[in-house]
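So the structure is just underneath, and the comments pick up after that.
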Amino acid sequence: MTRRRQIYEGKAKILYEGPEPGTLIQYFKDDATAFNAQKKGTIQGKGVINNRISEYVFTRLNHIGVPNHFIRRLNMREQLVRQVEIIPIEVVVRNVAAGSISKRLGIPEGEMLPHTLIEYCYKDDALGDPLIAEEHIACFGWASNEEMQDISAMAIRVNDFMAGMFAAINIRLVDFKLEFGRIWDGDYSRVILADEISPDGCRLWDMTSGEKLDKDRFRRDLGGEEEAYQEVARRLGLLQDDGSPSEVLDLSQHRKLRGK
573 MTRRRQIYEG
583 KAKILYEGPE
593 PGTLIQYFKD
603 DATAFNAQKK
613 GTIQGKGVIN
623 NRISEYVFTR
633 LNHIGVPNHF
643 IRRLNMREQL
653 VRQVEIIPIE
663 VVVRNVAAGS
673 ISKRLGIPEG
683 EMLPHTLIEY
693 CYKDDALGDP
703 LIAEEHIACF
713 GWASNEEMQD
723 ISAMAIRVND
733 FMAGMFAAIN
743 IRLVDFKLEF
753 GRIWDGDYSR
763 VILADEISPD
773 GCRLWDMTSG
783 EKLDKDRFRR
793 DLGGEEEAYQ
803 EVARRLGLLQ
813 DDGSPSEVLD
823 LSQHRKLRGK
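This is the structure in structure tokens:
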């Protein structure tokens, strides 16, 4: 087996050199982190489900004209993506007060916001991903004004689409995180959506019960993380209701179900 060159390892994924120039292989880990990696753990099978959910969402976003780095899924834990120059900004889209905004502004968790709110954070774990304004982005040259217009327009489009997609399966899209990157053609660059979209980076609440179906179960020691991620995949039609084997299941689960 040919040893692949590792390009980068993050908290939830590993990037390897791709088979063609301008491509990478993105590997989804089961590692779980919270509070900028101060809390660490493992959610069994998380990488498999996140890979499948992210593939599903990115494919559908591509169909509505949101450019992104996804090319195709390779196997249970890996997908082929375009190599991008990551813009060092986390874009947080909020529909409902939860998490840090509730703590910062004293807004009760679960309160609907008057309108969708977009916040920006500087991507730096050592600094705690601090909240920044567009003035910071312009001042330090992290992205141009034109790029920020594209980023904010895409963020709103992604939110509109995903809010409807999740509402159709009785899940409220509370908030989520996006990352963007540049792809180059000579001296010209354009911004596309990158990273992943999964329960790791989205707050997803059952619309009837309010049950959390995302990484907050890990952050807050609620338990049931595996089941929550599986429930999202199941409602999206990516996991069979009866628990029988499907390609989203990890090999260990497959063997267990088969009694091997």
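Per our numbering, the sequence shown starts with residue 573, numbered consecutively. By construction, the Cβ of each residue, glycine as well, lies at the ideal position given by its N, Cα and C atoms.
- Around the beta-carbon of residue 767, 16 or more other beta-carbon atoms lie within 10 Å, marking it buried.
- Cα atoms of residue 686 and residue 669: separation of roughly 10 Å, rounded to the nearest angstrom.
- Taken in chain order, the complete alpha helix (DSSP H) segments of 4 residues or longer contained in the region 690 to 758 are 706 to 711 and 717 to 739.
- Less than 7 Å divides the Cβ of residue 764 from the Cβ of residue 640.
- Contact annotation: residue 692 and residue 661 have beta-carbon atoms nearer than 7 Å.
- Here DSSP, grouped into helix, strand and coil, assigns residue 578 to strand.
- Here DSSP, grouped into helix, strand and coil, assigns residue 614 to strand.
- For residue 603, the enclosing beta strand (DSSP E) has its first and last residue at 603 to 606.
- Bounds of the alpha helix (DSSP H) holding residue 677 are 672 to 677.
- Annotated as distal: residue 656 and residue 748, with beta-carbon spacing of 7 Å or more.
- When C-alpha distances from residue 598 are compared across 584, 606, 604 and 611, the shortest belongs to 584.
- Looking only at 600, 601, 758 and 576, the smallest Cα-Cα distance to residue 589 is reached by 576.
- Measuring C-alpha to C-alpha distances from residue 630 to each of 804, 645 and 785 identifies 645 as the nearest.
- Collapsing the DSSP output to three states places residue 629 in a helix.
- DSSP, read as helix, strand or coil, puts residue 797 in helix.
- Note on residue 781: under 16 other CB atoms within 10 angstroms of its CB, so exposed under the neighbour-count rule.
- Beta-bridge partners assigned by DSSP to residue 778: 743.
- In the DSSP assignment, residue 784 forms a beta bridge with 777.
- Residue environment: residue 624 is assigned as buried (16 or more neighbouring CB atoms within 10 Å of its CB, all protein chains considered).
- Exclusion of the five residues before and after residue 648 leaves 620 as the residues of its chain whose Cβ lies within less than 6 Å of its Cβ.
- Looking from the CA of residue 651, the closest CA among 633, 676 and 627 belongs to 627.
- At the C-beta level, residue 690 and residue 716 stay beyond 7 Å of one another.
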